[in-house]
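Asks:
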RNA sequence: GGCCCAUUCGUCUAUCGGUUAGGACGCAAGAUUUUCAUUCUUGAAAGAGCAGUUCGAUUCUGCUAUGGGCUACCA
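In my numbering, the protein residues as written are 124 to 631.
#1: Compute the Euclidean distance between the alpha carbons of residue 436 and residue 245, then round it to the nearest angstrom.
#2: Is it the case that the Cβ atoms of residue 415 and residue 399 are separated by a distance below 9 Å?
#3: When the Cβ atoms of the segment 126-139 are set against those of the segment 424-435, are three or more pairs found closer than 8 Å?
#4: What are the partner residues of residue 450, as DSSP defines its beta bridges?
#5: Exposed or buried, which one is residue 631 when buried takes at least 16 other CB atoms within 10 Å?
#6: Residue 626 to residue 559, Cα distance in whole Å?
#7: Return the first residue and the last residue of the beta strand (DSSP E) that residue 368 is part of.
#8: State the beta-bridge partners of residue 339 as determined by DSSP.
#9: Measure the C-alpha to C-alpha separation of residue 176 and residue 170 and round it to an integer number of angstroms.
#10: Specify the secondary structure class of residue 301 as computed by DSSP and reduced to three states.
#11: Identify which residue in 491, 396, 279 has its Cα closest to the Cα of residue 526.
#12: Using the Cα positions of residue 455 and residue 434, report the straight-line distance between them to the nearest angstrom.
#13: For residue 313, tell me which candidate among 336, 301, 296, 356 has the shortest Cα-Cα distance.
#14: In the DSSP output, which residue or residues are listed as bridge partners for residue 187?
#15: By Cβ distance, which residues of its chain are closer than 7 Å to residue 617, with the 5 residues on each side in sequence left out?
#16: If you reduce the DSSP assignment to three classes, tell me which class residue 150 lands in.
#17: Find the nearest neighbour of residue 521 within the set 230, 488, 315, 614, judged by alpha-carbon distance.
#18: For residue 223, which residues in the same chain have their Cβ closer than 8 Å to its Cβ, ignoring the five residues on either side in sequence?
#19: Using only the alpha-carbon positions, how far apart do residue 537 and residue 599 sit?
#20: Residue 299 and residue 461 look like a contact to me (Cβ under 8 Å); what is the Cβ gap, rounded to whole Å?
#21: Nearest by alpha-carbon distance to residue 529: which of 612, 287, 440 is it?
#22: Give a yes or no on whether the C-beta atoms belonging to residue 594 and residue 531 are separated by under 9 Å.
#23: In chain order, what residues of the same chain have a beta carbon less than 8 Å from the beta carbon of residue 443, not counting five sequence neighbours either side?
#24: Take every Cβ of the segment 363-370, pair it with every Cβ of the segment 201-209, and state whether three or more of those distances are shorter than 8 Å.
#25: Would you tell me roughly how many angstroms separate the C-alpha atoms of residue 191 and residue 342, rounded to the nearest one?
#26: Can you check the segment 418-483 for any alpha helix (DSSP H) of at least 4 residues that lies completely inside it and give the ranges in chain order?
#27: Measuring alpha carbon to alpha carbon, tell me which of 331, 541, 608 ends up nearest residue 566.
#28: Short of 7 Å in beta carbon distance, which residues of its chain neighbour residue 151, apart from the five on each side in sequence? Order them along the chain.
#29: Let me know the secondary structure DSSP gives residue 614 once reduced to three states.
#30: Name the DSSP bridge partner or partners of residue 208?
#31: Taking residue 585 as the reference, give the member of 303, 547, 506 with the closest Cα.
Shown next, in the form of structure tokens:
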């Protein structure tokens, strides 16, 4: 058995899409599960679509998610099969192009883009193939002498694969089983272009996968239709025995409507579709990332892993190690999965709840400092323990806890109307005084004393407690009122009571 | 248009010929909570359609429909 080697091979044309992230994740899980190697290769054969910074973005995204690379770009040690950027492998491809040319498996074509365009406009369903190639400008139709002259004159050309028609090509897909397609419907794809001396994706990925000894090609379903071409390429190159196994992953679809998830959907529906924030260097356009939206990488990984794969059990929460342990391509589903943002949020909620309060407090401290609050660590931990379960994100924490740090500036109008009864100011004032005279300082003790006091006075418990909450928080929300008093301290609580009476009774 | 792939609750999915078709998200109701949330309980919610194979089909086959992908000197 050969050592398992898989690759994630994105092209640096912009930020890494979340679907690409999932492809990377499945490659990674498969490699780890089988004690194999995970390579990162950059497919930058289209020089015109290169976007600066995209490669770094890819590496940083994978790193953030805990998808570690063993070999290639972003690996600790690059590895013995480099270079891992296709643009740096120029010198390697030429040899195989010549081999195909010499073996009569490919030919040189001079048709200009304009000529091809007009051909397509002229003939419906025009395809450059066995039917049409003899009516085109190429080394099959031009005299040898003419071809040589054109090449000597540095005329632009492309190399096309010469597909033999009428043969059923079978691709054995690990997820879908046998997929068969007749070679007559495959066109003579461009495999090399003289303009930048680079191969196209089809040739480059076959050559590189072969040379890098890739055993499994795990990629998106959009490659399924061209995989027979790749099989043919392996065959024409004489590598069919070393051909990797294919696994085509179902696509990630839009949550509403139709089509595969695109970058526009994020803006349109208000959630990220990229791992990290990205600013387009040309347009200045901002794309939102999961990281900046407050997601934990573990939650994103967990969510993504289950979009298109499941182990057949009821387990929902998986650590990376558990995913590795349980992952298999056989259990990847065949149909596309709609991106469910609500579920993504739920995963993050779960992960937030699982994090120790100390750890959450540590992150929250940084937010507090940014807002200008210097707070005692134990106090912050205490607050986190009180409010954590009502937050989905670290970024929700401030919204849920601000009243611990700053007195309310205004009071929720609806709540005031409902709970600020005429008798309340007097009762609250008494309560404030009583509070200050208490020896007890813990929530439990205070609860006991205050409740006793209220029932002794025959005051309405619900009304008074809610009014107190209104005075302390400004709204009718939050954890136990006595816990709040404990954290605030009796003095601060009394101050807030006084202020609420001034503000609210002044108005009424 | 041509080719390829897919099709179970609104969504993600389980089921590898015989199940009251299970779980999760979301939704609804109830309980708990002096509030909000959490939590717990309960509920509504699915085999695209039509043939065929079979004692028996969600499961196998075919057709139709629907959805998706590909059809570039892009990946």
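Built from N, CA and C at the ideal position, the CB exists for glycine as well. Predicted, not measured: the structure shown is a model, and the values here were computed from it.
Replies: Judging by the given coordinates:
#1: 56 Å
#2: yes
#3: no
#4: Beta-bridge pairing links residue 450 to no other residue.
#5: Confidence at residue 631 is low in this model, with a pLDDT of 42, below 50, so its placement is unreliable and the value that follows should be read with caution. Exposed, because fewer than 16 other Cβ atoms sit within 10 Å of the Cβ of residue 631.
#6: 21 Å
#7: 368-372
#8: 129, 368
#9: 14 Å
#10: strand
#11: 491
#12: 9 Å
#13: 356
#14: Note: residue 187 sits in no beta bridge, so no partner.
#15: 555, 558, 559
#16: helix
#17: 488
#18: 229, 282, 284, 314, 359, 360
#19: 10 Å
#20: Not a contact, Cβ separation roughly 20 Å.
#21: 612
#22: yes
#23: 189, 421, 424
#24: no
#25: 18 Å
#26: 420-428, 443-449, 464-477
#27: 608
#28: 161, 190
#29: helix
#30: 165
#31: 547
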